[in-house]
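Worksheet for the structure shown next.
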Amino acid sequence: MTKDTNKKIKIDKIAEEIKKCRLLQRKDVFITNVVKCRAPNNRDPLPDEVSIHSIPLETT
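In structure tokens form, the structure reads like this:
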């Protein structure tokens with residue numbers, strides 16, 4: 007499986023868990039990356055990078 011396929015599977019699993027809670031419907035949920043761009047060598051973002059990049063997401 008490719009990374010994109012794995013991400014799609016993870017998103018689908020998250021959506022299913024949300025559905026089980028019955029608090030939200032899939033159409034009411036927007037799933038996005040925590041940062042706008044990838045870090046060098048496609049590594050996971052560091053905590054301070056997540057913190058800096060999450061501010062615009064929280065204000066929209």
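Per my numbering, the very first residue in the sequence shown carries number 7; after that it's consecutive.
Backbone N, C-alpha and C fix where the C-beta goes; we use that ideal spot for every residue, glycine too.
A quick note: this is a predicted structure, and the numbers were derived from the prediction, not measured.
Practice task
Return the Cβ separation of P56 and V40 in integer angstroms, given the expectation that the two are a contact with Cβ distance under 8 angstroms.
Solution key: For the record, residue 56 in the displayed sequence is Val; it is not Pro. Indeed they touch by this definition, with Cβ atoms about 5 angstroms apart.
Exercise for the section: For R28, collect the residues of the same chain with a Cβ closer than 6 angstroms to its Cβ; drop the 5 residues on either side in sequence, then sort them by chain order. Expected result: none
Exercise for the section: Flag this pair as yes or no: are the beta carbons of H59 and K42 separated by less than 8 angstroms? Expected result: yes
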